[in-house]
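When you number the sequence shown by this note's numbering, it's gap-free, plus one each residue, and the end is 330.
Ideal Cβ positions, reconstructed from N, Cα and C, are used throughout, including at glycine.
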Amino acid sequence: MGGEDGPKAFMVGATSDDDGATWSKPRFAVDSQAPHLPLPRSVIVGNIWTAPDGRLWFFFDQTMNHYDGRQGVWVSVCDNPDAEKPAWSAPTRIWHGAVLNKPTILANGEWLLPVEFPAFAGSGPMRFANTELEPLRGANVLVSADQGQTWTRRGCVRFPKPNWDEHMFVELKDGRIWMLARTSGDVMQSFSRDGGRTWSAPEPAPFKHPVARFHIRRLASGRILLIKHGRTIDTHEGRSLLTAWLSEDEGLTWSGGLMLDERKGISYPDGFQAPDGTLYVSYDRNRSKDGEILLARFTEADILAGKLVSPNSKLQCLISRPLKPRGKK
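Written out as structure tokens, the structure reads:
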């Protein structure tokens with residue numbers, strides 16, 4: 002994200018061909034600002050995801066100001082992401098809201114997309130300009146049965162004390178779908194036994210976390226990875242102490258506690274697992290001042306040891322920082 006965490010935001014993307022040691026200049030940008038508009042039009046939420054067929058999907062939102070009560074999820078797909086000049090499809094709008102986290106592929110082949118459509122007053126006064134959309138607000142579930150060609154809204158959870166939902170899914174071994182979401186209090190959870198159509202009553206998640214983004218996903222080993230704030234699974238000290246955990250019993254208990262970054266002002270982890278099992282997690286630091294984006298490269302063995310034991314693992318790798326400190330002209 003460039004510009005600011007606000008109405009002037011736009012999206013840029015860079016690449017690395019040396020395992021995150023160095024990064025290219027911006028390879029693409031999505032900037033929706035236009036001088037003829039009466040208000041800024043921002044691109045502030047997005048995610049990049051590699052599908053099983055190797056195509057690269059870029060989900061991003063468009064909204065007036067920081068949030069206009071409707072937003073819109075847009076997607077562009079790249080068929081040749083490793084080319085010198087990757088070609089992207091024309092962006093298409095698939096629904097309201099925004100997508101911060103990656104799709105989850107179920108055992109039956111369906112793609113589940115977590116679409117947040119904020120249901121809280123703190124999202125700004127323009128939310129109430131679209132009252133006909135009120136029944137749709139919350140942590141939504143969009144589903145594709147044709148590898149992203151079409152999408153259908155299947156279900157939604159309205160969590161208590163709503164915030165930016167930033168929800169994620171894990172398909173459990175018993176067939177249930179586990180949804181976790183950020184709220185203005187604890188991280189909350191809900192379960193679905195019918196593919197995301199209906200959901201259980203929300204309840205607190207089995208870990209403590211500040212009002213901030215977390216990351217959770219199933220790994221190739223079958224374990225579940227959790228990236229959260231806090232030295233222990235049941236404590237936190239705000240947006241600091243970013244740690245990695247593993248569960249071998251479907252999220253009931255957690256092992257490890259690898260410290261990725263102990264500093265204050267770190268937040269918004271996102272990650273993926275490479276074919277060789279390496280884990281990559283990016284996050285930001287002091288976005289309104291330092292504006293740094295950093296990368297942690299580690300393995301499941303590192304997490305279980307509570308320290309780096311793998312030869313290629315490395316923490317606090319710099320991806321980017323502003324050319325000049327933010328707030329200065």
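- Which of helix, strand or coil DSSP assigns to Pro136: In the structure shown, the three-state DSSP call for Pro136 is helix.
### Query
Between which two residues does the alpha helix (DSSP H) containing Asp303 stretch?
Residues Glu301 to Ala306.
How far does the beta strand (DSSP E) with Lys315 in it extend, from its first residue to its last? Lys315 to Ser321
Is it buried or exposed, Glu172, if we count other Cβ atoms within 10 angstroms and call 16 or more buried? buried
(request) Would you be able to state if there are at least three C-beta pairs under 8 Å between the stretch 20-35 and the stretch 309-325? (result) Using a Cβ-Cβ distance cut-off of 8 Å, the stretch 309-325 and the stretch 20-35 are in contact, since at least three pairs of beta carbons, one from each stretch, lie closer than that value.
Check: Since Thr93 contacts Trp75 with CB under 8 Å, what's their CB separation in whole angstroms?
Finding: About 7 Å separates the two Cβ atoms, so the contact holds.
Query - Close beta carbons around Trp152, own chain, < 6 Å, minus the five adjacent residues each side - result: Counting only Cβ-Cβ distances below 6 Å, and skipping sequence neighbours, we find Ile95, Leu143 and Ser145.
Exercise. For the stretch 77-91 and the stretch 133-142, state whether three or more C-beta atom pairs, one from each stretch, are separated by less than 8 Å.
Key: Proximity of the stretch 77-91 to the stretch 133-142 falls short of the contact definition, fewer than three beta-carbon pairs being nearer than 8 Å.
Note to self: Tell me the residue span of the beta strand (DSSP E) that contains Arg219.
What the structure shows: Counting along the chain, the beta strand (DSSP E) containing Arg219 begins and ends at His216 to Arg219.
(Q) So, at 7 Å on beta carbons, what are the nonlocal neighbours of Arg286 in its own chain, with the 5 sequence-adjacent residues on each side left out? (A) Arg264, Gly266, Ile267, Glu293 and Leu295
- Hey, out of Met169, Leu101, Pro270 and Gly14, whose CA is closest to Asp32's CA? Gly14
Might you give, ordered along the chain, the residues of its own chain that have their beta carbon closer than 8 Å to the beta carbon of Lys9, omitting 5 neighbours on each side? Hits under 8 Å: Gln34, Pro41 and Ser43.
Please confirm whether Leu227 and Ser256 have their CB atoms less than 8 Å apart. No, Cβ-Cβ distance for Leu227 and Ser256 is not below 8 Å.
Could you tell me if Asp187 is buried or exposed, where buried requires 16 or more neighbouring beta carbons within 10 angstroms of its beta carbon? buried
Check: By how many angstroms is the C-alpha of Ala120 removed from the C-alpha of Leu134?
Finding: 10 Å
*Could you tell me which uninterrupted beta strand (DSSP E) segments, each at least 3 residues in length, are contained entirely in the stretch 184-253, listed from first to last along the chain?*
Scanning the stretch 184-253 from its first residue to its last, the whole beta strand (DSSP E) runs of 3-plus residues come out as 189-193, 216-219, 225-230 and 243-248.
Practice item. Pull up the distance between the alpha-carbon of Ser283 and that of Ala221, whole angstroms please. Key: 19 Å
Q: On a CA-only basis, which of Trp58, Ala202, Asp62 and Tyr281 is nearest Gln150? Give me that one, please.
A: Trp58
Going by DSSP, what residue range makes up the beta strand (DSSP E) through Thr51? Gly47 to Thr51
Could you give the C-beta distance for Gly258 and Ile225, rounded to a whole number, given that I count them as a contact under 8 Å? With a Cβ gap of about 15 Å, Gly258 and Ile225 do not count as contacting.
* Between which two residues does the beta strand (DSSP E) carrying Asp271 extend? -> Run containing Asp271: Ile267 to Gln274, per the beta strand (DSSP E) assignment.
* At what residues does the beta strand (DSSP E) containing Phe61 begin and finish? -> If you look at Phe61, you'll find it in the beta strand (DSSP E) that goes Leu57 to Asp62.
What would DSSP say about Met2, mapped onto helix, strand or coil?
coil
Is His216 closer than 8 Å to Asp271 when the C-beta atoms are compared?
yes
Other residues of its chain near Val310: CB distance less than 7 Å, five sequence neighbours each side excluded:
Ala302 and Asp303
* Hey, quick one: how far does the beta strand (DSSP E) through Glu172 stretch, first residue to last? -> Met169 to Glu172
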